[in-house]
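Those protein sequence lines, which keep their order, are chains A and B. Just so we're aligned, residue 0 is where the first sequence starts under numbering that gives the first Met the number 0, counting upward by one. Just so we're aligned, residue 0 is where the second sequence starts under numbering that gives the first Met the number 0, counting upward by one. Notes follow once the structure below has been shown.
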Amino acid sequence: MTAWLRMAAASAWARRGTLVWVIVAIAIATALLLAIERLRHDVRASFLQAVSGTDLIVGARTGPVQLLLYSVFRVGGASNEVRLEALDEALRHRAVAWWVPLALGDSHRGYPVLGTTTGYFEHFRYGDRQPLALAQGRPFAGTLDGLYEATIGADVAARLGYAPGQKIVLAHGLPGQGSGPMAEHADKPFTVVGVLARTGTPVDRTVHVSLEAITAIHLDWMGGAPVPGFAIPAEAARKFDLAPKTVTAALVGLKSRSAVFMVQRQVQAYEGEPLMAVLPGVALDELWQAIAIVEQALLAVSALVALAGIAGLVAVVQAGLAERRRELAVLRAIGAGRRVMLGLLAAEGLWIASAGVAAGVLLALLAQTAAGPWLHANYGIALVGAAPWSGQALLLLAVWVAAMLAAIAPGWRACRMALADGLAPRA
Amino acid sequence: MAGAAIAIAGLRYAWPGTHEAVLDLPALDIAASDQVFVQGASGCGKSTFLGLVAGVLVAGRGQVRVAGVDWAGLAPSERDARRAATLGVIFQQFNLLPYLSVVDNVLLPCRLSALRAGRCEGGMQAQARRLLARMGLPEPAWTRPAAQLSVGQQQRVAAARALIGGPDLVLADEPTSALDSDTRDRFMALLREQCTAVGSTLVFVSHDRRLAQGFDRVVDLPALNRVAPTAAEVA
């Protein structure tokens, strides 16, 4: 037996120039498949983990998906503001544990600015009910003294190179809205006082300031532009009433989830203003279904990649058939039966498929380690830190079996030709 | 019929999927330990004849007995085992597995057949070395990969492999066609000498009549084969 294994090894070594490429083909197919599957899985996961622990999102009446898009993903703008007073009245219910107002509409170098209260840092949850954590500094104070303070997300800090102490200027409006250069609130610069730890959610791309600060920078503005000949210096702004009048949306937490529909009904039925309340999970599902075509496309790409890899593999093995055929003819002439020939082929297919799949897994691991931080920083997709093969055992098994079949099939053809050749190999 | 190395009777063979016979041999007997030269140009059914005698092809009609056993009566795996046990084969070329050493090539039949291994005096390694030495292969070459040898040396290794474990029958199919005349004559002499030494019947197939010198018997295959093309057709 060992003699035959040694022989299979020697035979493979003699064809190493071909076999190396076979292994490379399997490795690439495996790695791509794993990487795409991981990406597909994690895109979905980071998407669905953008908000958690919030029972309702309340805003002006619009579509649930649109409300979710601008309040959580900072995509698009609100059609209408809501009065803070109206929110306060509509959310007067004993089941409401907390609510945090959100005011959107400004930006800093392309990153959205979120006006909120310090309650945001206390109540907001993402992923698996994880609270926000600070990487450096502290949350903005939310007091008059700390009016012009900002706490920034991890991506903002990393991409713009900001650290606590940095002075920043907010711009009016969101990038991509309107034309021409964006008007800036240059007269009232902010100081970065804290940087949030990475979350893998839109929080990473957000600049957080207090609601009062949002009011302050718009004191001398009207209709989206500074009022000509009228300017209130930064210091003087503190003397005005900075209590916010309107916000964009609010996140609501309940004492008990069971009250969610009751509170939702109360908000929707509020007569002072047309309000809507959506369950984030429901809206997220709805949104994901709308873009699930992307997931389908990725799945199709995975399948095609695997197919291309296996096809390349068959081509490579097929090309090496002539040398194999002569070898099998010699073996057959000296009395090697089907069993011996098949055994040799199977042994080779086995170790080639195994080596290829193992190399592919290694490649995927390297790629994940190398590209993970980049993906997170640029696209907010958090590769969940799991090994590339976790949850992919079935996929790996399928690749392994397919690779083995592809490695054996041409050999089996050579075997059958050797049987039909008669005694002498027809070179 | 005991004592006959090959006994062929009423043999008719057509390639699978065809109806036209390429070989039709009413009778051919070759006695054990004889050295027989089978003469025939290409196209006279020579490869078919060799395939049938080696049990790689099986006749649709008639019998091919080698050392008393008809190939047609055996299952495919039994034929493989019997071929390993009773036959040594030498081709025109490409006899060896290029990635194995010379000695490992010679030992292949012993790995396939315990019978062949058991018949090696003093163990199969010793027998392999003895045969290589007798075939005139320099000792330093024995452990080298077969691919590094000259064609003449490779044919001598193939002969050693065919002879190891004293098979009943050695089939040689134009084994000298790739050799120059000096090496050819030496190879012929060594092959016949060693067949005698191990007691194997030798069936040597060639188109070259000049090689027939010294054989016990010459068989003219086209003359025996009733469906062989005439000389005019071959030309």
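No residue lacks a Cβ here, since even glycine has one placed at the ideal position from N, Cα and C.
Here Y110(A) carries a strand assignment [DSSP, helix/strand/coil]. Sequence-distant partners of I5(B) (beyond 5 residues in either direction) whose C-beta falls short of 8 Å from its own C-beta, in its chain, are L27, D28, I29, V52, V63, R64, V65, L168, T200 and V202. Ranked by how close their Cα comes to the Cα of I231(A), the residues P243(A), A242(A), G118(A) and I216(A) have I216(A) in first place. In the three-state DSSP reduction, Q317(A) falls in the helix class (H, G or I).
Per DSSP, reduced to three states, the secondary structure at F203(B) is strand. CA-CA distance, A30(A) to A196(A), rounds to 31 Å.
Taken through DSSP and simplified to helix, strand or coil, Y69(A) comes out as helix. For P174(B), the closest Cβ of chain A is not nearer than 9 Å. Taking 8 Å as the upper bound for CB-CB distance, K187(A) and Y147(A) are in contact here, some 6 Å apart. Between V71(A) and the set L47(A), L86(A), L90(A) and N79(A), the nearest pair of CA atoms involves L47(A). Under the Cβ distance rule, P97(B) counts among the residues neighbouring chain A, one pair being separated by less than 9 Å.
In this structure, the CA atom of P144(B) is about 14 Å from the CA atom of R14(A). Near chain A, meaning a CB-to-CB distance below 7 Å, the residues of the region 98–115 of chain B are Y98, L99, L107, P108, R110, L111 and S112. Residue pairing by DSSP places K166(A) opposite T190(A) in a beta bridge.
By the neighbour-count criterion, in which a residue is buried when 16 or more other Cβ atoms sit within 10 angstroms of its Cβ, H18(B) is exposed. Pairwise C-beta distances place the region 237–246 of chain A out of contact with the region 160–168 of chain A, as fewer than three of them are shorter than 8 Å. Chain-ordered listing is empty here: chain A has no CB closer than 8 Å to the CB of S199(B), the nearest sitting near 15 Å. Rounded to the nearest angstrom, the Cβ distance from A363(A) to A34(A) is 5 Å, consistent with a contact under 8 Å.
For R78(B), the number of other beta carbons within 10 angstroms of its own is at least 16, and it is reported as buried. For A345(A), no Cβ of chain B is located within less than 9 Å of the residue's own Cβ. Restricting attention to L68(A), L4(A), R82(A) and E121(A), the CA atom closest to the CA of G52(A) is found in E121(A). For L86(B), the nearest CB of chain A lies under 9 Å from its own CB, placing it at the interface with that chain. For chain B, the residues of the region 8–22 of chain A that bring a beta carbon within less than 8 Å of one of its beta carbons are A9, S10, W12 and A13, in chain order. For the pair M275(A) and L133(A), the Cα-to-Cα distance works out to about 32 Å. R337(A) and A358(A) have their C-alpha atoms spaced approximately 31 Å apart.
The continuous alpha helix (DSSP H) containing D41(A) extends over residues R15 to L47. Here F189(A) is buried: its Cβ has 16 or more other Cβ atoms, across all protein chains shown, within 10 Å. The beta carbon of W3(A) is closer than 6 Å to none in its chain, skipping five residues each way along the sequence. Proximity of chain A to N94(B) at the Cβ level (cut-off 7 Å) is accounted for by V329, in chain order.
Per DSSP, the beta bridge partners of D172(B) are V204(B). By the Cβ neighbour-count rule, Q295(A) is exposed, with fewer than 16 other Cβ atoms within 10 Å of its own.
For the pair L86(B) and F48(B), the CB atoms are not nearer than the 9 Å cut-off. The beta carbon of Q135(A) sits closer than 7 Å to those of A162, P163, G193 and V194, all from its chain and outside the five residues before and after it, given in chain order.
Looking from the CA of A7(A), the closest CA among V398(A), A402(A), L393(A) and V339(A) belongs to V339(A). For a cut-off of 8 Å, the C-beta gap from E326(A) to L96(B) is around 6 Å, short enough to register as a contact.
One finds nothing in chain B with a Cβ atom closer than 7 Å to the Cβ of G410(A); even the nearest lies about 15 Å away.
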